[in-house]
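Following: one structure in structure tokens, then a few remarks.
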Amino acid sequence: METLIDLLPLFKKRGKKEVFIYRTGIRRFTFSYRQLYDLSLKMASYLEERGIKKGDRVALWAPNSPFWAVCFFGILLKEAIVVPIDFASGKQRAQNIIRLSGSSFVIESNYKFEKLSGIKSIAIEDLDFLLRNISSKYNFPKPKPNDIAEIVYTSGTTGNPKGVELNHKNLVTNILQAEHHIRFPSRFSFLSVLPLSHLFEQTAGFLTPLHRGDKIVYLRTIKPLAIMEAFSQENVAAMLVVPRLLLLLKNSIEREFDSLGLRGFLNINIFKKILSYPVHRKIGSNFQMFISGGAGLPTETYRFWNSMGFRVVEGYGLTECSPIVCANTFDKQIPGSVGKLVKGVKVKVDNGELLVKGDNVFSGYYRNDKETEKAFNKDGWFRTGDLASFDKEGNIYIKGRKKDVIITPSGVHVYPLEVEEVLNHISGVKESCVFGLNRGKGEETHAVLLLNDPNVNPSKIIQLANEKLDPLAQIEGFSVWKDYDFPRTTTLKVQKFKVLEAVSGKVNGNDPNLKDALVSLLSTMSKKPGADIRENSILTTDLGLDSISRLELINFLEQEYRLDLEDSNIDQYTTVSDLRRMLEKRGDQKKKSGLWFWTNNKRGRILRKFLDKIFHIPISHLFFDLEVIGLSNLKNIKPPVVFISNHVSYLDQPAIMFALPSIWRYSTASAVREEFFFNRENESLFHKLLFPYTIFAFNGFLLPQKSGFRKSLSFMGKLIDNNRNILVFPEGTRSKNGEILPFMHGLGIIVKELQVPLVTIRIIGMEKIFPRGKFFPKKGKCFIVIGKALNFTTETPSEIVEKSRRAILSLGNKLDI
Amino acid sequence: MLGIDIVYLPEFEARMKNVSLEKVFLQVELSQNKTSENLAGIFAAKEAFFKALGKKANWLDVWIEKNKFGMPSLHSNIVNPSYNMEVSISHKNKYAISVVFIWKH
Numbered sequence: 009m010e011t012l013i014d015l016l017p018l019f020k021k022r023g024k025k026e027v028f029i030y031r032t033g034i035r036r037f038t039f040s041y042r043q044l045y046d047l048s049l050k051m052a053s054y055l056e057e058r059g060i061k062k063g064d065r066v067a068l069w070a071p072n073s074p075f076w077a078v079c080f081f082g083i084l085l086k087e088a089i090v091v092p093i094d095f096a097s098g099k100q101r102a103q104n105i106i107r108l109s110g111s112s113f114v115i116e117s118n119y120k121f122e123k124l125s126g127i128k129s130i131a132i133e134d135l136d137f138l139l140r141n142i143s144s145k146y147n148f149p150k151p152k153p154n155d156i157a158e159i160v161y162t163s164g165t166t167g168n169p170k171g172v173e174l175n176h177k178n179l180v181t182n183i184l185q186a187e188h189h190i191r192f193p194s195r196f197s198f199l200s201v202l203p204l205s206h207l208f209e210q211t212a213g214f215l216t217p218l219h220r221g222d223k224i225v226y227l228r229t230i231k232p233l234a235i236m237e238a239f240s241q242e243n244v245a246a247m248l249v250v251p252r253l254l255l256l257l258k259n260s261i262e263r264e265f266d267s268l269g270l271r272g273f274l275n276i277n278i279f280k281k282i283l284s285y286p287v288h289r290k291i292g293s294n295f296q297m298f299i300s301g302g303a304g305l306p307t308e309t310y311r312f313w314n315s316m317g318f319r320v321v322e323g324y325g326l327t328e329c330s331p332i333v334c335a336n337t338f339d340k341q342i343p344g345s346v347g348k349l350v351k352g353v354k355v356k357v358d359n360g361e362l363l364v365k366g367d368n369v370f371s372g373y374y375r376n377d378k379e380t381e382k383a384f385n386k387d388g389w390f391r392t393g394d395l396a397s398f399d400k401e402g403n404i405y406i407k408g409r410k411k412d413v414i415i416t417p418s419g420v421h422v423y424p425l426e427v428e429e430v431l432n433h434i435s436g437v438k439e440s441c442v443f444g445l446n447r448g449k450g451e452e453t454h455a456v457l458l459l460n461d462p463n464v465n466p467s468k469i470i471q472l473a474n475e476k477l478d479p480l481a482q483i484e485g486f487s488v489w490k491d492y493d494f495p496r497t498t499t500l501k502v503q504k505f506k507v508l509e510a511v512s513g514k515v516n517g518n519d520p521n522l523k524d525a526l527v528s529l530l531s532t533m534s535k536k537p538g539a540d541i542r543e544n545s546i547l548t549t550d551l552g553l554d555s556i557s558r559l560e561l562i563n564f565l566e567q568e569y570r571l572d573l574e575d576s577n578i579d580q581y582t583t584v585s586d587l588r589r590m591l592e593k594r595g596d597q598k599k600k601s602g603l604w605f606w607t608n609n610k611r612g613r614i615l616r617k618f619l620d621k622i623f624h625i626p627i628s629h630l631f632f633d634l635e636v637i638g639l640s641n642l643k644n645i646k647p648p649v650v651f652i653s654n655h656v657s658y659l660d661q662p663a664i665m666f667a668l669p670s671i672w673r674y675s676t677a678s679a680v681r682e683e684f685f686f687n688r689e690n691e692s693l694f695h696k697l698l699f700p701y702t703i704f705a706f707n708g709f710l711l712p713q714k715s716g717f718r719k720s721l722s723f724m725g726k727l728i729d730n731n732r733n734i735l736v737f738p739e740g741t742r743s744k745n746g747e748i749l750p751f752m753h754g755l756g757i758i759v760k761e762l763q764v765p766l767v768t769i770r771i772i773g774m775e776k777i778f779p780r781g782k783f784f785p786k787k788g789k790c791f792i793v794i795g796k797a798l799n800f801t802t803e804t805p806s807e808i809v810e811k812s813r814r815a816i817l818s819l820g821n822k823l824d825i
Numbered sequence: 050m051l052g053i054d055i056v057y058l059p060e061f062e063a064r065m066k067n068v069s070l071e072k073v074f075l076q077v078e079l080s081q082n083k084t085s086e087n088l089a090g091i092f093a094a095k096e097a098f099f100k101a102l103g104k105k106a107n108w109l110d111v112w113i114e115k116n117k118f119g120m121p122s123l124h125s126n127i128v129n130p131s132y133n134m135e136v137s138i139s140h141k142n143k144y145a146i147s148v149v150f151i152w153k154h
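Protein chains in written order, with our numbering: chain Y, 9 to 825; chain V, 50 to 154.
The following block contains the structure:
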């Protein structure tokens, strides 16, 4: 392999083998290697149509997804240069990068507010439909190993980030180095949550697995709940992490044990081993390792995971080195060390600073000769700016940093000078001093303020500063310097280390009422002191939380407590104690959801076949004579599909089921209105018994009409993922005389999320047999008309509802009855 | 049933930075509304809807679609289709405001 283009023929050869799994929270989409190949070629053709020429820079500002990969390879196939931008970055930084790189095209995402102006663009979410009609015939280019493949801008700063130029040779070298060094046994599946714009994820979690033929899992929404679900459901073997992520997962697990009252046991070794079993089960038995990079891994975090029996492989690198310089291996990890050098990299230590040379090391910064010159010494060795030492076996230890930059636990570079600049321009600030404060969890960006006016509110100043700074480079902690001035040298330069020393000793002045994390959060949001927040305070009226606060609160609960949005029913009446109860009862949220999947498996099918044969079908003959029209339409349709039908009677569902051929009948689940069984005014024993019977005997599942249906939607996604069909009655209720009522709007959302064809069905005659209002059916003839499949692409939800309603209406007209 | 809500754009932008948009807006809304002003208007419409309904629900249970003239229409899966829903959105300087009216024939 000489260039990244050489990966493409490998993709083609692997054919149907799975390469990507994309979990949207509702559906699980799979992509094969061959599809990646075809889509990449189509993307290159598309870029050509849009006027992209060889050497053009194309920016990619989108979250991780299979289409990110398609864009990446498409751009390279067009012989253009990829300029990846961190999706978490703000518009200002993105705009700067566009300007500095001279990008002529940007691929953005609808999931970000801010869109770039003054440049040709497209939303990555539109590519799926756009590329469908493009031919995948494309002339393969033959780039040279020295051709620049991408320009990656150093993170964190809003000012003038440096663009690292990486050519094919740099990247290919590091792929092979990574593969050789960490040496994963057999095939792996990776969970990819770190941004692909960052070279760590790109090389180790994307290009290397693709070279090896592994599988990569992407999530549409990255949140702890989705990560945990992906772990167990996808048999994930490895995941790249930054120390902050390992810390978040650690906190999440500790909280879980907390709620069970087992937190204390975690600290006792014997119990820790026992408690690690449920954690291993949650993360999956296939899980082999975390690969940590981007920032130094705090020993405490490493020890937590290690003692639970999880392998954590730490490495070290820089964007300028494509990026891996050294790493521990699959077989051996040394805590505190970043392992041994990868093959082919040469290093030396100059005045404590680590210098690197090798084919994976970049050649310079884009259009920035000044910085390029500073980066290399006179013999062409790259200056990492990090201080390192070796032990006897050749293991490397990173001792500190020469350059004045803060590296957060997320691997983001924050430049203190820039942050100070922003702070110094805010009124009330005489001067500021910014540095990384390490309290055992990694470096937090900490600002110490020297105020002009003792009455000014420091939190407000920090807030204003953070609004100006990039979302990735936020100030996390602050203190106010009480003395008249900062300690200075004789040349009046601020002695940062002294300020750091003074601040490290202190703890942020704590309001004793804020020891509780929940009260603390509510205090921040409501801007009320802890004492004002009582257990019976209503969030909206007493604490004044507005609608955006409600959203921020739910977001926080989801991130910190893995609480699902559906479970956190925060409305205008919720009190603080309601909230607390929600957090405590997290584990028992499995209320009667009426969403059981087993009815779709073999046992469920056998049960239904039996009941149908001896009971349901014979009884149905007493009530209706079925005539089915349009069965031939089913022959050309590939499952899974969603059947929709008009609704006049309780006998509709059985009639449709018996009309369908056995193969369709027993692989279809029917949506049942939740409000029929629950929350009725006249709930009786009859309804209580009917519910389980409907679920088991008719393969029903609950679909609410008055409350949110996200859970049911997820369930439907699971049905579709497992090739089961779904039957829905969009009118939501039985029509009195057979007239087609307006359809529920939710149908449009269902179709858009499930992305399967709709098959229309019309029932005629049932309104005479067992209409609404009658207590007993009167025998008669019933026609079931099956229509053609409707396929939707870019229609809006209401357009889908409109089209499908018209289709059902026209099905009735075809018949002269 | 009537509801109204107003959104102050700079505050909305600042606070929404930390929230993933897909918690609040559906795909169709994100593809039809590319600026933060437009999304602020959509958010105001959703909040107005909750007020009209008398119940704070999930932001994803209600959505706004715009026709080719930019005229918004309100849709929800928690409201019976026999109800009529009307929505209107307006923008001026740094504010977005929306009013929602729900009624039965």
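Where is the CB? At the ideal position from N, CA and C, for every residue including glycine.
| Item | Value |
| --- | --- |
| What separation, rounded to the nearest whole angstrom, lies between the Cα atoms of Y:K382 and Y:E484? | 31 Å |
| Compare the C-beta of Y:M590 against all C-beta atoms of chain V and say whether one is closer than 7 Å. | no |
| Can you grab the Cα-Cα spacing for the pair Y:S345 / Y:G301, in whole Å? | 12 Å |
| Which chain Y residues sit within Cβ distance under 9 Å of V:S139? | None at all; the shortest Cβ gap to chain Y is about 18 Å. |
| Got a sec: which bits of the region 128–147 of chain Y sit with their beta carbon under 9 Å from any beta carbon on chain V, in order along the chain? | A131, E133 and D134 |
| Please confirm if Y:P462 has its CB atom under 7 Å from at least one CB of chain V. | no |
| If you draw a straight line from the alpha carbon of Y:R588 to that of Y:F704, how long is it in whole angstroms? | 36 Å |
| When the Cβ atoms of the region 36–46 of chain Y are set against those of the region 58–67 of chain Y, are three or more pairs found closer than 8 Å? | no |
| Taking a cut of 8 Å between CB atoms, which residues from the region 742–766 of chain Y lie near chain V? | L749, P750, F751, M752, H753, G754, G756, I757 and K760 |
| With DSSP as the reference, please indicate the residues paired to V:A145 in a beta bridge. | V:V56 and V:H140 |
| What's the C-alpha gap between Y:V527 and Y:I546? | 13 Å |
| Excluding the 5 residues preceding and the 5 following Y:P92 in the sequence, name in chain order all residues of the same chain whose CB lies nearer than 7 Å to its CB. | L68, E158, V160, L204 and S205 |
| Which class does Y:M316 belong to by DSSP, given the choice of helix, strand or coil? | coil |
| Does the CB of V:S80 have a neighbour CB from chain Y at under 7 Å? | yes |
| Going along chain Y in order, which residues have a C-beta closer than 9 Å to the C-beta of V:F98? | Result: empty, since nearest Cβ-Cβ is about 11 Å, beyond 9 Å. |
| Strictly by DSSP, which residues pair up with Y:A797? | Y:V767 |
| Under the three-state reduction of DSSP, which class applies to Y:N521: helix, strand or coil? | Low per-residue confidence applies at Y:N521: pLDDT is 47, beneath 50, and the placement is therefore not dependable enough to give any value. |
| Report yes or no: is there a C-beta of chain Y within less than 7 Å of the C-beta of V:H124? | yes |
| Report the rounded CA-to-CA distance for V:N67 versus Y:F505, giving the unit in angstroms. | 32 Å |
| Of all the CB atoms in chain V, is at least one closer than 7 Å to the CB of Y:Q580? | yes |
| Straight-line CA distance for Y:P805 to V:N133? | 17 Å |
| Listing by chain order, which chain V residues have their CB less than 8 Å from the CB of Y:S528? | Under the 8 Å cutoff, chain V gives no residues; its nearest Cβ is about 17 Å from Y:S528. |
| Which of the residues in the region 468–497 of chain Y, read from start to end, lie with their CB under 8 Å from any CB of chain V? | E475 and P479 |
| Does V:A63 get closer than 7 Å to chain Y when you measure Cβ to Cβ? | yes |
| Using a cut-off of 8 Å between C-beta atoms, extract the partners of Y:G740 located in chain V. | N129 and P130 |
| Reducing DSSP to helix, strand and coil, say where Y:S545 ends up. | coil |
| Have a look at Y:E237 and Y:T38 and give me their C-alpha separation to the nearest angstrom. | 17 Å |
| In chain Y, which residues lie with their C-beta within 7 Å of the C-beta of V:K104? | D579 |
| Along the region 713–736 of chain Y, what residues have a CB closer than 8 Å to any CB found in chain V? | Q713, K714, S715, G716, F717 and R718 |
| Taking all protein chains shown into account, decide if Y:Q471 is buried (16 or more other Cβ within 10 angstroms of its Cβ) or exposed. | exposed |
| Can a CB atom of chain V be found closer than 7 Å to the CB of Y:Y8? | The structure shown does not extend to residue 8 of chain Y, since chain Y spans only 9 to 825, so no value can be given for it. |
| Roughly how many angstroms separate the alpha carbons of Y:K50 and Y:F19, rounded to a whole number? | 14 Å |
| I'd like to know if Y:S806 contacts chain V, where contact means its C-beta is closer than 7 Å to some C-beta of that chain. | yes |
| Give the interface partners of V:S147 over in chain Y, defined as CB-CB distance under 9 Å, in chain order. | Here the premise fails: no neighbours, minimum Cβ distance about 12 Å. |
| Taking Cβ-Cβ distances shorter than 7 Å, what residues in chain Y pair up with V:E135? | Here the premise fails: no neighbours, minimum Cβ distance about 14 Å. |
| Could you tell me which of Y:L642, Y:Q296 and Y:W313 sits nearest to Y:I261, measuring between CA atoms? | Y:W313 |
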